[in-house]
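Asker: In the numbering used here, the protein residues as written are 578 to 955.
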């Protein structure tokens, strides 16, 4: 009865992970859409949302206020404490995006000019969206001549772009931040309003680059989390991203009894991270108490005078304290360990784990983690 209940819980957890509205596959989009992966990812992390009817509407434009909000969320700064005021003539403190726009100014995404208009309800143009993405980064300085050389090689309409966009366009091209929709190849279309699909693709690219090369103010704010715990020595750290390679060993604390004489293949087990999993520099990778689930994949019964017991488990799911559920594949072989010669010769040793027993699993694939907030990339 209990095993069946656990199986049901595990199946439900997997089903919820695959079909959770937070990971929505919008009714007006599928995997064939050119921006599908960007939109899916940004939906999962709460940067973009769909409409009440279940659609995303990828082709409609985005306002400048909406884009500022999306950019700040994409950079993880929606809760940043900013006290300085902004001075746009058409944005007062009662406006819904006032604090968001204030953060965008503080983090140097947009300039603030006393008395000038922000135009919050105007559609954000492709040039404006790309410039904000560039402003979020630490970039190599280039001359106007160099920027024009870069842009003229790829876009036939480069002469039509506004002069103020030239340097940002050159930098964006070098960083692969310029998004071109299928069918529009070779066109920069700098002054055209950016649609929701283009905005998602631009923000996705910006997020990835900002993890490695944020601008100075963002770098100060995007601090990596640190903790004491179980150290994984071979983690590769790139900017604010930590990558645990395949083959790494991670401890898990079983909550389910597993044994060579009582377990069957496909039985479900549950476990928790017994302590924080950290890098050698103490950057937090996986928080203590994170939930893990998996299945028994192999059982060898202990037999008198013949063989010792053995159980192989395969971890399949990790649920973090912030309720993110991801596939995490790892295997562990549970055996009797060291046993005496006569017992080994004449009596098959049984395997039986107890609740809270620590088992080491070996990762079957790499795990990519945002060290600033614990988000795990699939």
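Note that CB positions come from ideal geometry on N, CA and C, so glycine has one too.
Tell me which residues share the same chain as residue 778 and place their Cβ nearer than 6 Å to its Cβ, disregarding the 5 neighbours each side in the sequence.
Answerer: Within its own chain, the residues whose Cβ lies closer than 6 Å to the Cβ of residue 778, once the five positions on either side in sequence are excluded, are 612, 615 and 756, listed in chain order.
Asker: Quick one: what's residue 846 bridged to in DSSP?
Answerer: 871
Asker: Three or more beta-carbon pairs under 8 Å between the stretch 799 to 812 and the stretch 929 to 940, yes or no?
Answerer: no
Asker: By Cβ distance, which residues of its chain are closer than 7 Å to residue 657, with the 5 residues on each side in sequence left out?
Answerer: The answer, listed in chain order, is 680 and 798.
Asker: Going by DSSP, which residues form a beta bridge with residue 700?
Answerer: Per DSSP, 640.
Asker: According to DSSP, is residue 617 helix, strand or coil?
Answerer: helix
Asker: By Cβ distance, which residues of its chain are closer than 8 Å to residue 753, with the 5 residues on each side in sequence left out?
Answerer: 782
Asker: With DSSP run on the structure shown, which of helix, strand or coil describes residue 627?
Answerer: coil
Asker: Ignore the nearest five residues each way along the sequence and tell me which others in residue 892's own chain have a CB closer than 8 Å to its CB.
Answerer: 829, 848, 869, 870, 871, 905, 906, 907, 908, 909 and 938
Asker: When burial is assigned at 16 or more other CB atoms within 10 Å of the CB, is residue 946 buried or exposed?
Answerer: buried
Asker: Contact between the stretch 783 to 790 and the stretch 662 to 671: three or more CB pairs below 8 Å?
Answerer: no
Asker: Mind checking who residue 910 pairs with in its DSSP beta bridge?
Answerer: 889
Asker: Whether or not the stretch 679 to 698 and the stretch 735 to 752 are in contact is what I'm after, with contact meaning three or more pairs of Cβ atoms, one per stretch, closer than 8 Å; do they touch?
Answerer: no
Asker: At the level of alpha carbons, what is the spacing between residue 687 and residue 854?
Answerer: Answer to the nearest angstrom: the Cα atoms are 38 Å apart.
Asker: Rounding to the nearest angstrom, what Cα-Cα distance links residue 660 and residue 689 in this structure?
Answerer: 14 Å
Asker: Distance check for residue 884 and residue 900, CA to CA, integer angstroms please.
Answerer: 42 Å
Asker: Excluding the five sequence neighbours on either side, which residues of its own chain have a C-beta within less than 7 Å of the C-beta of residue 738, listed in chain order?
Answerer: 704, 746, 765 and 767
Asker: Exposed or buried, what is residue 652 when buried is set at 16 or more other beta-carbons lying within 10 Å of its beta-carbon?
Answerer: buried
Asker: Going straight from the alpha carbon of residue 792 to that of residue 948, what length do you get?
Answerer: 17 Å
Asker: State the start and end residues of the unbroken beta strand (DSSP E) segment that holds residue 785.
Answerer: Note, residue 785: premise wrong, no beta strand (DSSP E); alpha helix (DSSP H) at 773 to 787.
Asker: Can you name the residues that DSSP bridges to residue 903?
Answerer: Beta-bridge pairing links residue 903 to 895.
Asker: Please identify the residue among 684, 843, 804 and 834 whose C-alpha is closest to the C-alpha of residue 864.
Answerer: Nearest C-alpha to residue 864: 804.
Asker: Could you give the residue range of the alpha helix (DSSP H) that holds residue 719?
Answerer: Segment: none, residue 719 is in no alpha helix (DSSP H) and carries neither H nor E.
Asker: Once DSSP output is grouped into helix, strand and coil, what is the label at residue 819?
Answerer: strand
Asker: Output yes or no for whether 8 Å exceeds the beta carbon distance between residue 860 and residue 816.
Answerer: No, the Cβ-Cβ distance between residue 860 and residue 816 is not below 8 Å.
Asker: Looking at the ligand SAM, does it come within less than 7 Å of residue 740, judged from the CB to the closest heavy atom?
Answerer: As presented, the structure is devoid of all ligands, the ligand SAM included, so that no description of it is given.
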